[in-house]
Amino acid sequence: MRKRQAKKRPLLPDPKFNDQLVTRFVNMMMWDGKKSIAFKIFYDAIAIVEEKKQDEEKTALEIWKDALSNVMPHVEVRSRRVGGATFQIPMQIRPDRKVSTAMKWLISFARKRNEKTMAAKLAAEVLAAAKEEGAAVKKRVDTHKMAEANKAFSHFRF
């Protein structure tokens, strides 16, 4: 290989919860380099989750982490050309890709909701995902179904 693998840059943990996962999520949510605004949106969303949660023994951050793990896909389909035909081949996902895919889905489906502020949208999507419902969880289920349907082609794996 000519090009080396890019080095992973260490992420600073966020100021409030001291968690690197939160920083990673906020970095994905951020637009135009407005990190402080992205942090404010995230913390407001966590505050809304704290108000609306039903499960009393869990913190809002734990609910957010549950939501993230509920959205995380374990398999995905990759397109592969074999003899002029394109097959969808189910493949396992690397752990870091699982996390980033889950974050992307959670953020994008939160943006598509119709609450007033982004914080409210995100909080609603997190609460839904924590209860195994909502659009982001549906996306994971659909991805798994697609992989299941194309299991016959898994011998083309590369």
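Okay, so the sequence shown: first residue is 1 according to UniProt numbering, each after it adds one.
By construction, the Cβ of each residue, glycine as well, lies at the ideal position given by its N, Cα and C atoms.
Quick caveat: nothing in here was measured; it's all calculated off a predicted structure.
State the DSSP-derived secondary structure class of residue i, mapped to helix, strand or coil.
i, result
"residue 156", "helix"
"residue 133", "coil"
"residue 143", "helix"
"residue 27", "helix"
"residue 16", "coil"
"residue 124", "helix"
"residue 149", "helix"
"residue 11", "coil"
"residue 110", "helix"
"residue 6", "coil"
"residue 116", "coil"
Note down, in chain order, each residue of its chain lying with its Cβ closer than 7 angstroms to the Cβ of residue i, except the 5 sequence neighbours on either side.
i, result
"residue 66", "130"
"residue 172", "One cannot answer for residue 172 here, as it falls past the ends of the chain, which runs 1 to 158."
"residue 47", "none"
"residue 79", "86 and 88"
Roughly how far, in whole angstroms, is the beta-carbon of residue i from the beta-carbon of residue j, given that I think they are within contact range, below 8 angstroms?
i, j, result
"residue 118", "residue 99", "No, residue 118 and residue 99 are not in contact; Cβ-Cβ is about 21 angstroms, not under 8 angstroms."
"residue 45", "residue 102", "Actually they do not touch by this definition, with Cβ atoms about 16 angstroms apart."
"residue 26", "residue 39", "5 angstroms"
"residue 32", "residue 22", "About 20 angstroms; that fails the 8 angstroms criterion."
"residue 63", "residue 53", "6 angstroms"
"residue 2", "residue 11", "The pair is not a contact, with the Cβ atoms about 28 angstroms apart (cut-off 8 angstroms)."
Note down, in chain order, each residue of its chain lying with its Cβ closer than 8 angstroms to the Cβ of residue i, except the 5 sequence neighbours on either side.
i, result
"residue 28", "100, 103, 104 and 107"
"residue 160", "With the chain running from 1 to 158 in the structure shown, residue 160 is simply not present."
Sorted by chain position, which residues of the same chain lie with C-beta nearer than 6 angstroms to residue i's C-beta, five sequence neighbours on each side aside?
i, result
"residue 121", "110, 113 and 115"
"residue 132", "70"
"residue 146", "77"
For this session: List in chain order: all unbroken beta strand (DSSP E) runs of 3+ residues lying wholly within the region 34-104.
Result: Listed in chain order, the complete beta strand (DSSP E) runs (minimum 3 residues) inside the region 34-104 are 75-82 and 85-92.
Cβ pair count under 8 angstroms reaching 3, the region 85-94 against the region 147-154:
Short answer: they touch.
Is it the case that the region 128-142 contacts the region 107-117, given that we only count it when at least three CB pairs across the two stretches are under 8 angstroms? In this structure the region 107-117 touches the region 128-142; the number of beta carbon pairs closer than 8 angstroms is three or more.
Item to complete: Report yes or no: do three or more beta-carbon pairs, one from the region 73-84 and one from the region 137-147, lie closer than 8 angstroms?
Response: Judged by Cβ distances under 8 angstroms, the region 73-84 makes contact with the region 137-147, as three or more pairs qualify.
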